[in-house]
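Asks:
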Amino acid sequence: MVRSAATRNAIFLFIAVFFLSAITVLFTMEFRFLKKIMTNYEESIRQIAINQTNYFLRDLEAVTERAARELARQDEKSTALDRLTTLDPRITGAWIIDDSGAVISGTSRETLKPEKKWVPRGTKTLILGVDKDQTGQMTVTAATPFRNNWLVLAYRAAGFQEEMTFNFLNTACKVAVFGPNNYPVVWPFEKEALSHFSHHEGRLLVDGVWHEVSFAKVGEPPWSLFFFFPENNLNIYRTITIMFLLLALYCCLYQFLVELWRVNSALSYFENVDFAIFNYLNEGVIITNNAGRIVFANKAAHEIFSEKKKSLKGTPLKEILGHIGDAQSGAKTYGTLTFQISDRRFEAIHAPLVKKGKVLGAITVIGSGAQEKTCFNVLSRLIETLPMAVIYIDRHHKVAQANLLARCYWGTLEPGLSIDGVDPELAGFIYRNIGSRTIKPVKLTSSNTTAEVVYVYDEEGNYSGALVLVTTPPEVNSVL
Numbered sequence: 012m013v014r015s016a017a018t019r020n021a022i023f024l025f026i027a028v029f030f031l032s033a034i035t036v037l038f039t040m041e042f043r044f045l046k047k048i049m050t051n052y053e054e055s056i057r058q059i060a061i062n063q064t065n066y067f068l069r070d071l072e073a074v075t076e077r078a079a080r081e082l083a084r085q086d087e088k089s090t091a092l093d094r095l096t097t098l099d100p101r102i103t104g105a106w107i108i109d110d111s112g113a114v115i116s117g118t119s120r121e122t123l124k125p126e127k128k129w130v131p132r133g134t135k136t137l138i139l140g141v142d143k144d145q146t147g148q149m150t151v152t153a154a155t156p157f158r159n160n161w162l163v164l165a166y167r168a169a170g171f172q173e174e175m176t177f178n179f180l181n182t183a184c185k186v187a188v189f190g191p192n193n194y195p196v197v198w199p200f201e202k203e204a205l206s207h208f209s210h211h212e213g214r215l216l217v218d219g220v221w222h223e224v225s226f227a228k229v230g231e232p233p234w235s236l237f238f239f240f241p242e243n244n245l246n247i248y249r250t251i252t253i254m255f256l257l258l259a260l261y262c263c264l265y266q267f268l269v270e271l272w273r274v275n276s277a278l279s280y281f282e283n284v285d286f287a288i289f290n291y292l293n294e295g296v297i298i299t300n301n302a303g304r305i306v307f308a309n310k311a312a313h314e315i316f317s318e319k320k321k322s323l324k325g326t327p328l329k330e331i332l333g334h335i336g337d338a339q340s341g342a343k344t345y346g347t348l349t350f351q352i353s354d355r356r357f358e359a360i361h362a363p364l365v366k367k368g369k370v371l372g373a374i375t376v377i378g379s380g381a382q383e384k385t386c387f388n389v390l391s392r393l394i395e396t397l398p399m400a401v402i403y404i405d406r407h408h409k410v411a412q413a414n415l416l417a418r419c420y421w422g423t424l425e426p427g428l429s430i431d432g433v434d435p436e437l438a439g440f441i442y443r444n445i446g447s448r449t450i451k452p453v454k455l456t457s458s459n460t461t462a463e464v465v466y467v468y469d470e471e472g473n474y475s476g477a478l479v480l481v482t483t484p485p486e487v488n489s490v491l
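With the first letter of the sequence shown counted as 1, position 279 gets the number 290 in the numbering used here; the numbers rise by one all the way through.
(1) What is the residue span of the alpha helix (DSSP H) that LEU117 lies within?
(2) So, are the CB atoms of LEU162 and ILE102 less than 8 Å apart?
(3) When you compare each of GLY372, ALA362, CYS419 and HIS407 to SER391 by their alpha carbons, which one comes out closest?
(4) What are the start and end residues of each continuous alpha helix (DSSP H) run of 4 or more residues lying completely inside the segment 407-440, in chain order?
(5) For a test of your reading of the model: does the CB of LEU164 fall under 7 Å from any non-hydrogen atom of the ligand SAH? Yes or no.
(6) How should GLY295 be labelled, buried or exposed, when 16 other C-beta atoms within 10 angstroms of its C-beta is the threshold for buried?
(7) Where do the N-terminal and C-terminal ends of the beta strand (DSSP E) with GLU201 fall, by residue?
(8) Rounded to whole angstroms, what is the Cα-Cα separation between SER475 and GLN266?
(9) Kindly list the residues whose CB is nearer than 7 Å to the CB of THR39, restricted to its own chain and excluding five residues on each side of it in sequence; keep chain order.
(10) If THR347 and ASP469 are in contact, beta carbons under 8 Å, what's the gap, nearest whole angstrom?
(11) Can you tell me which of the three DSSP states SER391 falls into?
(12) Rounded to whole angstroms, what's the CA-CA distance from ARG443 to THR482? Just pull it up for me.
(13) Mind reading off the beta-carbon distance from MET149 to VAL217? Whole number of angstroms is fine, and I expect it under 8 Å.
(14) ASN316 by DSSP, collapsed to three states: which one?
(15) Buried or exposed: which applies to TRP221, given that a residue is buried once 16 or more other Cβ atoms fall within 10 Å of its Cβ?
(16) Less than 8 Å between the CB atoms is what I'm expecting for ILE305 and LEU323, so what's the real figure, rounded?
(17) Thinking just about the alpha-carbon of each residue, which of ALA154, ILE377, LEU424 and PRO327 is nearest to the one in VAL114?
(18) If we ignore side chains and look at the alpha-carbon of each, how far apart do ARG378 and ILE251 end up?
(19) Just the Cα atoms here: how many angstroms apart are TYR261 and TYR291?
(20) Let me check understanding here. Comparing Cα to Cα, which of GLY446, ASN301, LYS310 and ARG356 lies closest to LYS329?
(21) In the DSSP output, which residue or residues are listed as bridge partners for ARG355?
(22) Could you tell me the alpha carbon to alpha carbon distance between TYR248 and PHE44, rounded to whole angstroms?
(23) Compute the beta-carbon to beta-carbon distance between VAL151 and LEU71, rounded to the nearest angstrom, for a pair I have assumed lies under 8 Å.
(24) Within the continuous beta strand (DSSP E) that includes GLU223, where are the two ends?
(25) Would you give the residue range spanned by the alpha helix (DSSP H) that PHE177 belongs to?
(26) Going by DSSP, name the residue or residues bridged to HIS211.
(27) Taking the straight line between their C-alpha atoms, what separation do you get for ILE22 and LEU264?
(28) Find out if the Cβ-Cβ distance for the pair VAL401, VAL465 is shorter than 8 Å.
(29) Among PRO156, ARG69, GLY147 and SER429, which residue has its Cα nearest to the Cα of GLY112?
This is the structure in structure tokens:
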């Protein structure tokens, strides 16, 4: 069984809709999968930095508490404080202070004295703050309760800084660490960027690259960790891609539904035309869509086929005119034909409706055998209403019908005028393609005209003429 063009289009569109739907779903799932991977990666980076900072702070607290226990076993506190600096290579100084922050005793080679703002509170070990010592090295100060006073130790932070910088050197994420007093312990960018950084902004511009900023708190009092991830615009790309896919899917789905439901697209050929005027004609007028089903029939057509059908709308044209429609090759057959109902003989003209290079359906004009000329006149009147230039050329290659637009473009197109005298290039194209069963587009270089030629054949397959539909009119100068 040979499939019609409409069926093939519907199958093709169904396949396109299926693949577009599958691609859209796959892209959506892929984007979600990539987003999840990136989120997990970023979260793992954050967790590594948090764990590393937390370990550093807990280690300082543990060393400070161990130093307090060592100091408690010593009798001479002044010399014992000096010996505490050998307990851990990071210790640069040790002091005993009271609750007001006043220094009771300290190391003989002290490099940093606690300030009043570092007065400890509570009964547990604390990380007091971050500052630079007299040599310019960054130190972290920790305090732990000691015999109704406080033992305060100063630690070098250089090891922690180097470790944080090295661990995140080759990652997309950059990490900054700030102490309890918002003092920068680790800063991954140039110093100039630090002056533009606000702890409350969600974005930071560094070297022309925008970074997304997130933060976390560690310890008590809390240290602030800031994470800088370069913006990848994945969400924007995902939105644009999915929107384009959905738009393409919508267009294909709409066209598929049009083909599937056999929408009466043939009616759109007669835009701004009141179909009631066809009811005043004595000839039958039938308009069919690409599926061969009737979408409009006037009163005369209903009277002609009243014995077969009470209502013609939705009826396949083959059902009332069996030898009209698809040929065995699957191509549409157009032209003149005769048929008989009871004792009455009728003549009909079957022609395609073409708009913007697409066949929307067909029109059939029916009259009695004695009124063949009237049928052509009716078809001529219909051609006059079309919004494009139309010329019908008979089998003898002479102009049979031409509407007003065609006469405006080519001048006088009197019936019987040879097409060779109108446009030799068009005439040559028609001669070369006689026998074609499809719409043939042509570009006429002499007048810069684009047209489509539909060849018409009678019921026996003999050439009856050609219908020329101008899609792009010729230039005025070339016509004049």
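Glycine residues also receive a C-beta, built at the ideal position from the N, C-alpha and C atoms.
Replies: Once the coordinates are examined:
(1) Residue mapping note: residue 117 aligns to position 106 of the sequence shown, counting from 1. Here the sequence assigns Gly to residue 117, which means Leu is not the residue at that position. Note, GLY117: premise wrong, no alpha helix (DSSP H); beta strand (DSSP E) at 114-117.
(2) By one-based count along the sequence shown, residue 162 stands at place 151. By one-based count along the sequence shown, residue 102 stands at place 91. Not in contact: LEU162 and ILE102 (Cβ atoms no closer than 8 Å).
(3) In the sequence shown, counting from the first residue as 1, residue 391 sits at position 380. Looking at the Cα atoms, ALA362 is the closest of the given residues.
(4) 415-421 and 430-433
(5) With respect to small molecules bound, the structure shown includes none, and the ligand SAH cannot be examined in it.
(6) Counting from one through the sequence shown, the residue named residue 295 turns up at place 284. Flag for GLY295 reads buried.
(7) Here residue 201 is taken as the residue at index 190 of the sequence shown, counted from 1. Here GLU201 belongs to no beta strand (DSSP E), and DSSP marks it neither H nor E.
(8) As a first step, residue 475 must be located in the sequence shown, where it is residue number 464. As a first step, residue 266 must be located in the sequence shown, where it is residue number 255. C-alpha separation (whole angstroms): 34 Å.
(9) In the sequence shown, the residue the question calls residue 39 occupies position 28. Result list for THR39: ILE253, in chain order.
(10) Stepping through the sequence shown from its first residue, residue 347 is reached at position 336. Stepping through the sequence shown from its first residue, residue 469 is reached at position 458. About 5 Å; that satisfies the 8 Å criterion.
(11) Counted from its first residue, the sequence shown places residue 391 at position 380. Here SER391 sits in helix by DSSP.
(12) The residue given as residue 443 occupies position 432 in the sequence shown. The residue given as residue 482 occupies position 471 in the sequence shown. If you take the alpha carbons of ARG443 and THR482, they lie about 21 Å apart.
(13) Start at 1 with the first residue of the sequence shown, and residue 149 comes out as number 138. Start at 1 with the first residue of the sequence shown, and residue 217 comes out as number 206. MET149 to VAL217, Cβ: 22 Å. No contact.
(14) Counting from one through the sequence shown, the residue named residue 316 turns up at place 305. The displayed chain sequence assigns Phe, not Asn, to residue 316. Coil.
(15) The residue you call residue 221 lines up with position 210 of the sequence shown. Result: exposed.
(16) As a first step, residue 305 must be located in the sequence shown, where it is residue number 294. As a first step, residue 323 must be located in the sequence shown, where it is residue number 312. That belief holds up - the Cβ atoms of ILE305 and LEU323 are roughly 5 Å apart, short of 8 Å.
(17) Taking the first residue of the sequence shown as 1, we reach residue 114 at position 103. Looking at the Cα atoms, ALA154 is the closest of the given residues.
(18) One-based indexing of the sequence shown puts residue 378 at position 367. One-based indexing of the sequence shown puts residue 251 at position 240. At residue 378 the sequence reads Gly, which differs from the Arg that was named. Each residue's Cα considered, the two are about 57 Å apart.
(19) Position 250 of the sequence shown, counting from 1, holds the residue named residue 261. Position 280 of the sequence shown, counting from 1, holds the residue named residue 291. C-alpha separation (whole angstroms): 41 Å.
(20) Within the sequence shown, numbered from 1, the residue matching residue 329 stands at position 318. The shortest C-alpha separation from LYS329 is found at ASN301.
(21) For the purposes of this step, residue 355 is taken as the residue at position 344 of the sequence shown. ARG355 pairs with ILE352.
(22) Mapped onto the sequence shown, residue 248 falls at position 237. Mapped onto the sequence shown, residue 44 falls at position 33. Rounded to whole angstroms, TYR248 to PHE44 spans 14 Å at the Cα level.
(23) For the purposes of this step, residue 151 is taken as residue 140 along the sequence shown, with counting starting at 1. For the purposes of this step, residue 71 is taken as residue 60 along the sequence shown, with counting starting at 1. That belief holds up - the Cβ atoms of VAL151 and LEU71 are roughly 6 Å apart, short of 8 Å.
(24) Here residue 223 refers to the residue found at position 212 of the sequence shown. Looking at the DSSP string, the run of the beta strand (DSSP E) that includes GLU223 is 220-229.
(25) Residue 177 sits at position 166 when you count from the first residue of the sequence shown. Element bounds for PHE177: 169-178.
(26) Mapped onto the sequence shown, residue 211 falls at position 200. For HIS211, which the question treats as bridged, DSSP gives no partner whatsoever.
(27) Within the sequence shown, numbered from 1, the residue matching residue 22 stands at position 11. Within the sequence shown, numbered from 1, the residue matching residue 264 stands at position 253. One C-alpha to the other measures close to 12 Å.
(28) Taking the sequence shown and counting its residues from 1, the one referred to as residue 401 is at position 390. Taking the sequence shown and counting its residues from 1, the one referred to as residue 465 is at position 454. The answer is no: Cβ separation not under 8 Å.
(29) The residue given as residue 112 occupies position 101 in the sequence shown. Among PRO156, ARG69, GLY147 and SER429, the Cα nearest to that of GLY112 belongs to PRO156.
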